[in-house]
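All remarks here apply to the structure that follows.
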Ligand code: 13P
Ligand code: SF4
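In this note's numbering, the protein residues as written are -17 to 333.
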């Protein structure tokens, strides 16, 4: 595709754009004037090109704040992004997140152009299991249904019976256990153990698990929770469901990123600690500036790979490596398992 042209902004337009970014929450996060001016040049061009090329930009809540606040059309957890992408009318989707999320957007929109600005934005969970691995696991457990976390490749989704996200995994697993004695849950070993415990199931006997881990969440130290409680009396500690069972059992709330934000909104605690990727804390501080947050986070190198410059390139001159393609047969099978998730999560399943 030929390079798209977009006129340069006037100094007054750039000033206004920098002010917009500051007011949207970047000033609250400590971004200084020179950086706001540098970012404004990029966000102004991206937003102009986005309109001119009928593109839409979904962003996961772990993305850099200048993406979330500067150019995203919708922001959310994996479930919300999948739902929003299923309903987009735009012709192009420039997905700010990681590959499995962009693949999900493509599966739900096979006729649209889906671009992932950072081609190397993978996920340690998605990379932990291949479709061949899953077929071998199914062969060892014939007839056992497969519940796969959305953090998987399209090919693994195609081999699965239903997909789950952190927002609905417990509900969908409970639904499965009403119909089956045993379930395969892949690939997050910690999430599997956390869910098995919550549902009163035994790993091995009732649940076959895979040994995938999130490189961000597996490294939080459960032992530090006691120390934090002493240091910050009254703090409410919230952890993502991908954290270890030891950590999950020592905190006040466990869930996906959407659940964590909802809980902070509702809670009257004097301070909050969000044990997850740093992007969630940044987002929380911009949407809930009246709440107090105690820093405790890690960066995901995959989520951080997306930068405004690469989004601009995807809009101006999309590179073949930025284009998401999913073979039609794989996409059709993966779509069935994603739609089953929507149906069960929304109480629309009729089987
Ligand atoms: P959620 O936002 O769905 O909780 O997912 C977190 C995650 O694993 C993203 O990489
Ligand atoms: Fe994958 Fe973990 Fe990064 Fe999410 S935070 S993309 S689960 S590696």
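Even for Gly, the Cβ is constructed at its ideal location relative to N, Cα and C.
Practice task
Inspect the CB distances between the segment 276 to 284 and the segment 71 to 78 and report whether three or more fall short of 8 Å.
Solution key: no
Problem - DSSP-derived helix/strand/coil call for residue 144 - result: strand
Handout entry: Chain-order list of residues whose beta-carbon lies under 7 Å from that of residue 117 (same chain, five-residue window excluded)
Key = 141
Exercise for the section: Write down every uninterrupted run of the alpha helix (DSSP H) in the segment 40 to 103 whose length is 4 residues or greater and which is fully enclosed by it, in chain order. Expected result: 47 to 52, 60 to 68, 81 to 90
Handout entry: Helix, strand or coil at residue 197 according to DSSP, with G and I counted as helix
Key = coil
Handout entry: Rounded separation between residue 291 and residue 22 - CA only
Key = 12 Å
Exercise for the section: Please indicate yes or no: does the CB of residue 44 lie closer than 8 Å to some heavy atom of the ligand SF4? Expected result: yes
Handout entry: residue 10 beta carbon near the ligand SF4 (any heavy atom closer than 8 Å)
Key = no
Handout entry: Distance between residue 119 and residue 135 (C-alpha atoms, nearest Å)
Key = 16 Å
Practice task
State buried or exposed for residue 45, treating a residue as buried only when at least 16 other CB atoms are found within 10 Å of its CB.
Solution key: buried
Exercise for the section: Using a threshold of 9 Å, state whether the C-beta atoms of residue 148 and residue 138 are closer than that. Expected result: no
Exercise for the section: Grab me the residues of residue 89's own chain with a C-beta within less than 8 Å of its C-beta, minus the 5 sequence neighbours each way, in chain order. Expected result: 136, 139, 308, 313, 316, 317, 320
Practice task
Could you please give the first and the last residue of the uninterrupted beta strand (DSSP E) stretch that includes residue 218?
Solution key: 218 to 222
Problem - the ligand SF4 heavy atom lying under 8 Å from the CB of residue 89 - result: no
Handout entry: Residues proximal to the ligand SF4 by C-beta, any heavy atom closer than 7 Å
Key = 44, 80, 105, 106, 107, 108, 133, 196, 197, 198, 199, 224, 259, 282, 284, 285
Problem - Check whether residue 216 and residue 156 have beta carbons under 9 Å apart - result: no
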